[in-house]
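Student:
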Amino acid sequence: MNRYLRASSTIEYDPMCDKEKPQRISFEDVSAAAFRIQSEIVKTPCVKSHMSTTFGMEIYLKNDFLQHTGSFKERGARNALLLLNKETKARGVISASLGNHSQALSFHANNLNIPATVVMPNVAPIMKIQKCRSYGANVIIHGHDMKEAKYHAMSLAKERGLTYINGSFVPSYDHPHIMSGQGTVGLEIVEQVPDVDAVLVPVGAEACSPGSPPPSSISSRMCSSM
1 MNRYLRASST IEYDPMCDKE KPQRISFEDV SAAAFRIQSE IVKTPCVKSH MSTTFGMEIY
61 LKNDFLQHTG SFKERGARNA LLLLNKETKA RGVISASLGN HSQALSFHAN NLNIPATVVM
121 PNVAPIMKIQ KCRSYGANVI IHGHDMKEAK YHAMSLAKER GLTYINGSFV PSYDHPHIMS
181 GQGTVGLEIV EQVPDVDAVL VPVGAEACSP GSPPPSSISS RMCSSM
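Using the UniProt record's numbering, the first residue of the sequence shown is number 1, and each one after it goes up by one.
(1) Which residues does DSSP list as the beta-bridge partners of Y60?
(2) Whose C-alpha, out of K150, D197 and H101, is nearest the C-alpha of Q67?
(3) Under three-state DSSP, which class holds K43?
(4) Quick check: A96 and V119, are their CB atoms within less than 9 Å of each other?
(5) For the alpha helix (DSSP H) holding V203, just list the boundary residues, first then last.
(6) What are the boundary residues of the beta strand (DSSP E) that includes T117?
(7) Provide the residue span of the beta strand (DSSP E) that contains V93, from first to last.
(8) Could you spell out the range, first to last residue, of the alpha helix (DSSP H) harbouring V30?
(9) Please look up how many angstroms separate the CB atoms of I41 and R75, rounded, as I've assumed it's under 8 Å.
(10) Candidates N79, E191 and K62: which alpha carbon is nearest V32's?
(11) At what residues does the beta strand (DSSP E) containing N138 begin and finish?
(12) Thinking C-alpha only, which one of F55, K43 and L61 is nearest V201?
(13) Which residue from Y135, N85, E87 and Q23 puts its Cα closest to that of A109?
(14) Hey, could you find the ends of the alpha helix (DSSP H) A77 is sitting in?
(15) Going by the CB atoms, is the gap between S106 and K131 shorter than 9 Å?
(16) Take I94 as the anchor and find which of P115, N85, L83 and L84 has the nearest alpha-carbon.
(17) Which residue or residues does DSSP assign as beta-bridge partners of T163?
(18) Just to confirm before moving on: does the CB-CB distance between N85 and T117 stay below 9 Å?
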């Protein structure tokens with residue numbers, strides 16, 4: 001739809017996620033994020049899988065489902081929230097998501113005493129809607145899909161002076177503070193499995209893989225699996 005075009009004059013324009021002016025993230029950004037979020041993010045283990053015997057190799061699984069809300073999305077959400085200035089935190093944040101990003105943002109905004117509003121489409125799982133509410137977020141159910149939910153959230157952001165934190169696959173997960181936060185999972189992997197030969201990253205909307213740069217000494221061993 002034309003209303004979802006991202007020109008700077010439209011409601012849905014987000015300067016943090018401008019494809020015409022993409023913001024790069026560096027290894028230093030990810031390292032800084034790891035230090036920034038360490039107090040409230042679970043350093044989840046890499047556990048050796050029973051598939052190791054089946055395939056004749058050592059296979060480890062990074063158990064980021066052990067985060068407070070069950071998803072790696074917490075890493076990016078907390079990093080983005082911590083990088084807001086005092087005035088922005090006081091006004092509050094808003095986002096649109098089917099569930100995991102909404103839960104992560106709701107949980108950590110509550111932890112940091114930042115007012116949070118999340119817009120979720122009517123196809124969002126009831127359990128995730130209830131979780132967001134239990135974390136103290138203002139949950140708004142709007143739209144038949146993520147495009148409609150995001151458009152409504154960005155409209156509210158402009159009307160109410162809230163900061164929109166993109167964690168949605170519409171059009172992409174390209175907020176630099178989100179990506180650098182998600183990338184901290186990569187730092188933990190190479191620390192916990194120091195002789196790793198390859199890291200396979202299941203890619204949906206690429207929320208985690210772009211922000212997972214390893215130290216240069218093992219960069220050739222990292223790969224993404226689609």
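Each residue gets a CB set at the ideal place from its N, CA and C atoms; glycine is no exception.
Predicted model only: the values in this text are computed from it and were never measured.
Tutor: Let me lay it out:
(1) K48
(2) H101
(3) coil
(4) yes
(5) Unbroken run through V203: none, as it is neither H nor E.
(6) A116 to M120
(7) V93 to A96
(8) F27 to I37
(9) 6 Å
(10) Checking the sequence shown, residue 32 turns out to be Ala, not Val. Comparing Cα-Cα distances from A32 to each of N79, E191 and K62, the minimum goes to N79.
(11) N138 to I141
(12) Nearest C-alpha to V201: L61.
(13) Y135
(14) K73 to L82
(15) Taking a C-beta distance under 9 Å as the contact criterion, K131 and S106 qualify as a contact pair.
(16) P115
(17) V93
(18) no
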